[in-house]
Amino acid sequence: MGENLVIQESRTTRKQWDVEFTSHPEEVATLRRVVALRLQAWDLPELVDTASLCVSELVSNVLTHVGIGTPGLLVLSANGADLRIEVHDPDIRALPTVVLADADAEGGRGMTLVDALADRWGVQLHEDHKVTWCELDTGSASPDNSPGHPSVTRAEALLDLYATLRPPKCSYEPGPGKVGRRVAEESAIDVITDFLRWLQTRGCDVDEALDRAQSRFEAAPSARGR
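Numbering-wise, my numbering comes out as the position in the sequence shown, counting from 1, plus 199.
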């Protein structure tokens with residue numbers, strides 16, 4: 200991975216930034232340096248030390264528990280009140296956990312340190328990879344479409360849960376009667392609204408997402424058979 204970083208966008212833009220890496224011990228220091236440069240460009244110098252430590256531990260976790268040479272992806276995004284750090288790797292079995300390591304232990308403190316440093320952290324499981332993420336408060340105000348908005352927080356939690364479900368193990372049956380159906384309908388609408396706001400915070404085209412969802416819905420056998 201090259202170390203030269205050309206920063207062209209303004210400090211107020213803070214576009215999502217990502218870099219591919221291969222897990223080797225020397226890559227950890229390189230990633231720390233480029234993260235520091237990125238945060239300086241985003242006018243977040245106060246988060247450099249904490250974010251660099253979190254990046255070190257998340258990448259080292261891949262190195263230790265998945266293996267040397269594992270391809271990975273580091274993603275940084277800063278919108279509103281949060282700096283989000285994501286590390287993607289292809290192993291969905293090796294899940295990071297907080298371990299209470301002995302005082303003399305050489306390892307085991309990685310996620311414990313992240314847990315202590317970050318305001319939030321978690322794991323998202325996908326079909327072919329997992330995402331270990333953490334968030335640091337930037338101290339900025341949280342607008343309605345920022346990652347700190349309650350709708351976005353709820354959507355993140357739902358995404359984490361939904362990614363772990365595999366049909367046909369999960370089914371949903373609304374409660375009986377008109378009241379139960381109405382409550383279920385309103386809940387479904389709330390979920391859709393939260394996901395739309397989450398898509399918006401990630402820079403996605405909400406209208407395009409709705410069109411794609413509608414197309415998939417109409418193409419499904421249950422929709423065709425109505």
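Just so you know, even glycine gets a beta-carbon here, dropped at the ideal spot from N, CA and C. Please read these numbers as outputs of a predicted model, since none were measured by experiment.
For this session: Mark PHE220 as exposed unless 16 or more other C-beta atoms lie within 10 angstroms of its C-beta, in which case mark it buried.
Result: Burial call: buried.
Exercise. Looking only at its own chain, which residues have a Cβ that is under 8 Å from the Cβ of TRP332, when we skip the five neighbours before and after it?
Worked result: Closer than 8 Å at the Cβ level, and outside the excluded window around TRP332, lie ARG283, ILE284, GLU285, VAL286, TRP320, GLY321, VAL322 and GLN323.
Problem set entry | Own chain residues within Cβ distance below 6 Å of ALA304, not counting five before or after | Note that ALA304 has pLDDT 42, beneath the 50 cutoff, so the model's placement of it is unreliable and the number below is only indicative. Shown here for ALA304: not one same chain residue has a beta carbon closer than 6 Å to its own, the five before and five after excluded.
For this session: Look at the alpha carbon of LEU395 and the alpha carbon of PRO224, and state the distance between them as a whole number of angstroms.
Result: Rounded to whole angstroms, the separation of the alpha carbons of PRO224 and LEU395 is 39 Å.
Exercise. Who are the near neighbours of ALA250 in its chain, counting only those whose CB is closer than 7 Å to its CB and skipping five residues on each side?
Worked result: Contacts found: VAL234, LEU238, LEU282, ILE284 and LEU335.
Exercise. Helix, strand or coil for VAL297 per DSSP?
Worked result: It is coil, neither helix nor strand.
Exercise. Who does GLN413 pair with in a DSSP beta bridge?
Worked result: Secondary-structure assignment with DSSP links GLN413 through no beta bridge to anything.
Exercise. Roughly how many whole angstroms lie between the Cα atoms of VAL258 and ARG232?
Worked result: Spanning the two alpha carbons is a distance of roughly 14 Å.
For this session: Kindly indicate the opening and closing residues of the alpha helix (DSSP H) around VAL265.
Result: Segment: none, VAL265 is in no alpha helix (DSSP H) and carries neither H nor E.
For this session: For LYS214, count neighbouring Cβ atoms within 10 angstroms of its own Cβ and tell me buried if that reaches 16, exposed if not.
Result: Counting Cβ neighbours within 10 Å, LYS214 comes out exposed, since fewer than 16 surround it.
Problem set entry | Through-space distance from ALA280 to LEU409, alpha-carbon basis | Their Cα atoms are separated by approximately 27 Å.
Exercise. Who does ARG319 pair with in a DSSP beta bridge?
Worked result: Residue pairing for ARG319: DSSP places it in a beta bridge opposite GLU334.
Exercise. Considering only C-alpha positions, which residue in the set LEU272, VAL274, ALA277 and LEU294 is nearest to GLU263?
Worked result: The sequence shown places Thr at residue 263, rather than the Glu named in the question. Distance check between THR263 and each of LEU272, VAL274, ALA277 and LEU294 places LEU294 closest, using alpha-carbon atoms only.
Exercise. If you run the structure through DSSP and keep just helix, strand and coil, what is SER276?
Worked result: Note: SER276 maps to strand in three-state DSSP.
Exercise. Under a CB-based cut-off of 8 Å, is ALA387 close to chain B?
Worked result: This model lacks chain B altogether, as it is built from one protein chain only.
Exercise. In whole angstroms, what separates the C-alpha of ALA277 from that of PHE416?
Worked result: Near 33 Å, if we compare the C-alpha coordinates of PHE416 and ALA277.
Problem set entry | In DSSP terms, what THR221 is bridged to | THR221 is bridged to PRO270.
Problem set entry | Alpha carbon of SER222 to alpha carbon of PRO270, nearest angstrom | The straight-line gap from Cα to Cα measures roughly 6 Å.
Exercise. If we call anything under 8 Å between Cβ atoms a contact, is VAL265 one with LEU230?
Worked result: Not in contact: VAL265 and LEU230 (Cβ atoms no closer than 8 Å).
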